[in-house]
Each structure stands twice: as structure tokens, then as C-alpha cells.
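Let me begin by presenting the structure, written as C-alpha cells, before commenting on it.
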Amino acid sequence: MDLFEYLDGHLWCEAVPVRDLAARHGTPLYVYSAGTLAAHYRRMQQAFAELQPLICFSVKCCSNVHILRRLAALGAGFDVVSGGELYRALRAGGDPAHIVFAGVGKTVGEMREALRAGVGLLNVESASELATLATVAAELGARPEAALRIIPEVDAGTHAYTTTGTRASKFGLPLEQAAELVRSYADSPHVHIRGLHLHIGSPVYDPQAYALSIGRALDLMGRLAQEGFALDTLDIGGGYGAHYQGQEAPAAADYAAAIVPLLRGRHLRVILEPGRSIAANAGVLVTRVLHTKETGSRRFVIVDASMTELIRPALYSAYHFVWPVEAGDRVPRGWSPAQPPDGLETVDVVGPVCESGDFLARQRALPPLRPGDLVAVFTAGAYGMAMASQYNSRPRPAEVLVEQGAARLIRRRETYADLVRAEDDLDP
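Taking the numbering used here, the leading residue of the sequence shown gets 34, the next gets one more, and so forth.
As C-alpha cells, this is what we get:
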């Protein structure tokens with residue numbers, strides 16, 4: 034995992050021992066590597082350089098303002114899907130012209146916020162939304178640039194909950210409906226349809242799925258151009274993979290090899306919306322063993338992290354590699370999780386939340402663990418803290434960013450007072 038590595042049996046993040054961070058800030062704890070974030074962003078930038086794309090980091094996957102600020106400094110724009118994410122992106126110093134506002138259910142209030150901020154592009158997902166946007170724009174005397182999100186009819190093989198490129202999904206417009214809207218709004222004084230947007234799911238491990246969906250978008254753009262309706266923008270979305278079990282995700286260059294030839298020489302403004310591929314391997318969730326127990330049929334390791342810190346295993350049956358922070362001579366190197374070495378115990382790693390679905394790993398081969406041991410849950414930088422909750426009235430964890438040997442707190446651990454702050458000072 035890039036700048037997370039085991040040295041002399043201990044897990045380090047860049048030049049800082051993870052055990053020291055847990056001792057200083059407690060657990061559960063999210064730890065991010067600034068160097069890894071930057072490296073993944075630059076790989077995407079370099080792979081697609083020929084197209085000179087606008088790379089809009091997907092705020093929904095990792096929304097801490099301090100991390101967004103780092104990415105903005107690298108030149109990233111932002112993909113936002115709510116007024117709150119727009120607020121975060123602007124707070125982080127994001128250039129409004131480099132912000133794309135997506136989402137299937139934008140409110141009138143969010144549209145007004147986006148237009149007043151001067152966001153560069155609004156991705157529209159229905160005829161109703163486009164009509165509302167035109168009305169709001171007329172009220173404000175604006176003419177925003179928009180792209181229509183299309184349904185490319187491509188099933189990218191992702192989990193059912195993250196498949197977004199088919200008609201079974203709530204996202205996007207059928208191709209002919211999108212074409213009709215381009216025709217209908219061609220002379221609108223209130224909204225300028227500049228292009229098309231697509232997003233086929235996440236994580237997508239097959240670059241050809243992008244090629245197929247982009248080909249369908251280009252076909253539609255070509256047909257519209259023949260009718261006199263030229264579009265100059267194509268937002269090809271995100272969903273690029275990350276390594277969860279080994280080296281299963283294609284490199285940025287592999288995605289680019291399938292995509293760039295299709296767009297070469299077309300003089301389109303190209304937008305990418307990567308999130309997971311930049312942030313996932315840049316973060317780990319550190320947790321401490323509370324108890325162990327056996328029930329006769331199962332062996333459980335109970336830790337202080339739970340589905341409230343990392344819901345992906347419970348929500349998507351997602352796999353996250355889990356290993357002790359202090360691994361000794363059992364460093365996970367040179368073997369596959371599917372073929373672990375001898376001498377391990379098969380356990381369920383579970384949290385304290387009162388749900389049977391509260392687990393981080395099931396039937397996982399791990400070295401023997403005892404109360405007090407630290408465990409790292411890897412590839413947790415995307416859709417980890419961003420999806421954390423206060424269920425069971427559990428305060429959300431702290432976040433730490435490590436950069437060139439220095440670690441700093443970028444979100445303090447919540448307190449019990451934080452749990453009820455929004456309920457205080459109201460009439461009984």
C-alpha cells in the first residue's frame with residue numbers, strides 16, 4: 034500500500050510508526066498518507082495528460098477539508114453531489130470553475146448555491162431537473178453550463194448497489210431522451226447544454242467497460258452534431274479501482290490505454306472524476322482488540338472499530354485486508370490473502386455495535402490476537418470516514434494526516450457532547 038509498509042515487523046505510515054499514532058490519538062483512528070494521495074493523483078494526471086483533462090476528485094469518497102486542500106494544491110478540481118460537499122470544496126480552496134455538481138436529486142436551494150458560487154458544470158439527470166435548473170437560473174439572471182448524464186447501458190460488473198450504468202439504476206437519462214433535451218434546450222437563454230456525462234459504477238476493474246460506454250456517448254454526440262447540435266464536453270466519470278486484496282486494480286495507465294485513443298483528436302473538454310483510485314490506498318483504519326471469544330463454531334476477535342467507522346463490509350460485503358500493526362515475523366509479504374501461510378487462526382473480526390452485520394472481516398486467517406493488540410484495516414481511505422455514523426451513539430473517530438515524517442490531527446475525535454450538540458438549547 035504505497036507509503037504504508039512493515040519495517041522490522043512494525044507498520045509505518047511514511048516515516049511514522051502507526052503504533053505511536055494510536056498511542057497519541059487513541060483508537061479507532063483513521064491514518065492517511067499525504068504522499069500516497071499525491072502519488073495516485075499524479076499517476077492519473079500523467080496517464081491522461083494527452084487529453085489535458087480536468088481531474089475532479091470525488092469529494093464523496095473522502096471529504097476531510099484538509100485532504101481536499103492538499104488535492105486542490107496539486108491542481109485538482111472537485112466532483113460534488115450536495116450543497117454540503119460544495120461547501121467543503123470551496124472551504125478547501127477549490128476553484129469554483131473547476132467544480133462539477135452531480136447528483137440525481139439536487140434541491141432548488143442547492144442549485145442556487147451552485148449558481149451563486151459559479152460552479153463550472155452541473156450534471157443534469159432528468160428532464161424535471163433541467164426544467165427546474167432553467168427556472169432557478171432565470172430567477173438569478175444566470176446561464177449555467179450543463180451536461181446531461183446518460184445511461185450507456187453498460188453493466189460494469191460492480192456490486193448491485195454501486196452499478197450505475199444501466200436502466201435499473203436511478204441515475205441518468207436514456208440516450209434518446211438526452212438527445213431530445215439537447216434539441217429542446219438548444220436556444221435556451223437560461224441553460225447551456227455543453228456535453229454529456231456518464232458514470233458506470235465503482236469499482237470498475239475492466240477498462241473496456243469505459244471504452245464501451247464512451248463509444249456510445251460519442252455515437253450520440255456524432256448524431257447530434259449531424260443535426261447541428263454540437264457538444265464540446267465529455268465527463269467520463271470515475272469508478273476506477275483500487276487494491277483491496279493484492280494487485281487486482283488496473284493502473285491508471287491501463288485505463289488510459291483503453292480511453293485515450295477514443296478521444297484523441299476530438300478537441301473535447303474531458304473531465305474525469307476519480308476518487309477511490311486516489312484515496313483508498315492512502316488510508317488505514319487502526320483499531321484495538323477488546324476481547325476474543327469462541328462459541329464452538331466460530332472464533333471472534335472483538336475490536337473497538339465497527340460498522341459506524343467502516344460500513345463497507347456490512348453494506349457491500351466488501352473485502353478489506355486486515356493485519357496486526359505489530360506483525361513481528363508474520364509480515365504480509367510475498368503471499369496472497371487467498372493462500373495465507375501456516376500457523377494462522379481463522380476468525381471473524383467484529384465490532385461492538387448491536388447488529389449481527391457489524392463486522393470488518395469474516396473467516397479471515399490472522400496471527401493470534403490478544404486484547405490490547407492493534408489491528409490495521411487497509412484500503413480504508415475511500416468511503417470509510419466519509420460514510421461514518423453515530424449509530425449506537427458512538428462518537429466518530431479522529432483522523433490524522435502524515436506528511437514527510439510529520440503527523441497532524443485533521444479531525445478531532447468526537448465527544449459525547451458532540452452527539453447531542455444539535456439537540457441542545459431546544460424547547461423540551
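The beta-carbon is built from N, C-alpha and C at its ideal position, and this holds for glycine as well.
Residue i to residue j span [Cα, whole Å]
i    : j    : result
A164 : V141 : 11 Å
D458 : N425 : 22 Å
M77  : D451 : 38 Å
P185 : A250 : 7 Å
R182 : A312 : 25 Å
E447 : S339 : 15 Å
R102 : E327 : 46 Å
R309 : E172 : 37 Å
A242 : Y288 : 10 Å
I443 : E456 : 25 Å
A421 : E178 : 33 Å
Y349 : G138 : 23 Å
A285 : P461 : 55 Å
V408 : T60  : 10 Å
Q79  : V114 : 26 Å
P283 : G274 : 7 Å
R149 : Y277 : 40 Å
A105 : Y238 : 27 Å
V187 : L245 : 7 Å
M418 : V98  : 12 Å
Residue i classed as buried or exposed, judged by whether at least 16 other C-beta atoms fall within 10 angstroms
i    : result
S389 : exposed
A180 : buried
C46  : buried
H353 : buried
V464 : What the structure shows of the chain is the stretch from 34 to 461, and residue 464 is not part of that stretch, so it cannot be assessed.
T266 : buried
V453 : exposed
Y416 : buried
P404 : exposed
C94  : buried
The beta strand (DSSP E) enclosing residue i, as first and last residue numbers
i    : result
I226 : 225-230
P357 : 355-357
L323 : 316-327
Y65  : 62-66
E118 : That residue, E118, is in no beta strand (DSSP E); its alpha helix (DSSP H) goes 116-124.
V410 : 407-410
R403 : Looking at the DSSP string, R403 is not in any beta strand (DSSP E), and its letter there is neither H nor E.
I344 : No beta strand (DSSP E) holds I344; DSSP gives it neither H nor E.
V133 : 132-134
Identity of the residue in the options nearest residue i by Cα
i    : options                : result
F81  : L318, A290, A312, S310 : A290
R299 : M254, E327, A312, V358 : M254
F111 : Y243, G270, A72, A55   : G270
P401 : Y416, A360, R331       : A360
G68  : V435, Y449, V453       : V435
R13  : G261, L154, Q79        : Residue 13 is absent from the structure shown; the chain starts at 34 and stops at 461.
T168 : M144, F37, S159        : M144
L36  : A71, H223, I88, R52    : A71
L231 : I132, F333, L206, D239 : L206
V293 : L54, P86, E38, L44     : P86
Y39  : A431, F411, M418, A419 : F411
R216 : I233, P346, G261       : G261
Opposing strand residues paired with residue i [DSSP bridges]
i    : result
E83  : Paired residue(s): none; E83 is not in a bridge.
T266 : G228, R302
F204 : DSSP, once it has assigned bridges, lists no residue as partnering F204.
G110 : C89
P50  : W45
D381 : F333
I233 : According to DSSP, I233 bridges with nothing at all.
V435 : S66, A440
R182 : H230
E38  : W45
N156 : A180
Y273 : V237
R446 : Paired residues: none, contrary to the question.
R363 : Beta-bridge pairing links R363 to no other residue.
Start-to-end residues for the alpha helix (DSSP H) that takes in residue i
i    : result
V98  : 98-106
R249 : 240-259
L148 : 141-150
L459 : First-last for L459: undefined, no H or E at that position.
A290 : 285-296
A312 : 309-312
Any C-beta of chain D under 8 Å from that of residue i
i    : result
F262 : In the displayed structure, chain D is absent; only one protein chain is listed.
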